[in-house]
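Just so we're aligned: 1024 in the numbering used here is position 39 of the sequence shown, and the numbers increase by one with no gaps anywhere.
Even for Gly, the Cβ is constructed at its ideal location relative to N, Cα and C.
Note that the coordinates shown come from a computational prediction; the quantities given were computed from them, not determined experimentally.
Notes follow the structure.
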Amino acid sequence: MAEKITELIRQYEDGKITRREFMRKAVALTGSLAASYTLIDALTHSRVYAGEVDPNDPALLCHDVEYSGRATPVFGYLARPAALGKFPAIVVIHSNQGLNDYTQDVARRLAKQGYVSLAVDFLSRHGGTKKVNPKGEGLGNIRDLAPWYGVAEDADSGFAFLRTFPDVRADRLGLVGFCWGGEMTFSSATQVRGLRAVVVFYGRSPQPLDLVKDIQAPVLAHYGEKDPTVNPDIPSTEEAMKKYNKSYAYKIYPGAQHGFHADTNPERYHPDAAKEAWTTTLAFFKRYLQG
């Protein structure tokens, strides 16, 4: 079995198979996700994340950026189509781990669909993710490090930065976030002006809920069935959105946990829910940003 796993790793590192193909075959060989990761760690000594979209994809232009924020300079990762044209722009808000490989890959996935995507480092006011969270673990104090109103300011400054690019359609702006970033996306949407589409992945709702009266864009939300921290807010959120005549569509994915879209976390990643939620997200953005 070890020889087969080694060959599988070689195929993965050579780019001959995708990460999902790698995980599927690894599970088939080892019998479980946990066992596959244990064996892979033993063979490779480190877990390497290969995104769904190659950072060197010739169809994209990807690089680190820095722009002016209201409090401090803000760091980010920009992914955009290499082709000539005018494209909608999307700001991506990371989870409580900070700006990591997964979030950058999400930006690239969006760029492949024709969006100029900016994954903002919302820990920039403290020196950035690499300084604040070098181990890449979930930060329990991230709400103290990056309060929602500061996140809204840096997201808004991010859109101002995006508007300076000649290939950006300044009237087609979207916002998406995951986990803590989903919560920040929902809250930021109450403050950022000019948004045309907002997507929340398993994020808490704005508090107080009456803040939703200031949301300008339709909101699409994805929730995992097994998410007891976030889901209790859904009924009251739906009621508040209806009260203020706001568009709010959501789905609760059966069997999925909080964080089900993050393919870097095998304990929470739910392939079926992730695929459906992403497909729905792309259709939502296409409807409101590319029309």
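- According to the DSSP assignment, L1147 belongs to the alpha helix (DSSP H) that extends over 1133 to 1147.
- Selection D1139, W1133, Y1052 evaluated against P1191 yields W1133 as nearest (Cα-Cα).
- L1069 sits exposed, since fewer than 16 C-beta atoms from the chains shown fall within 10 Å of its C-beta.
- Sequence-distant partners of A1258 (beyond 5 residues in either direction) whose C-beta falls short of 6 Å from its own C-beta, in its chain, are Y1238, A1241, F1245.
- Apart from sequence neighbours up to five positions away, the residues of its chain that approach V1185 with a beta-carbon distance below 6 Å are G1167, T1170, F1171, A1206, ordered along the chain.
- For R1128, the uninterrupted alpha helix (DSSP H) segment begins and ends at 1127 to 1130.
- Put simply, the backbone Cα of V1204 is about 44 Å away from that of E992.
- Assigned with DSSP and collapsed to three states, F1163 falls in strand.
- Secondary structure note for Y1187: it is in no beta strand (DSSP E), with a DSSP letter that is neither H nor E.
- A direct Cα-Cα distance of roughly 27 Å separates A1262 from L1108.
- Around the CB of N1118, 16 or more other CB atoms lie within 10 Å, so the residue is classed as buried.
- With fewer than 16 other Cβ atoms from the protein chains shown falling within 10 Å of its own Cβ, P1151 counts as exposed.
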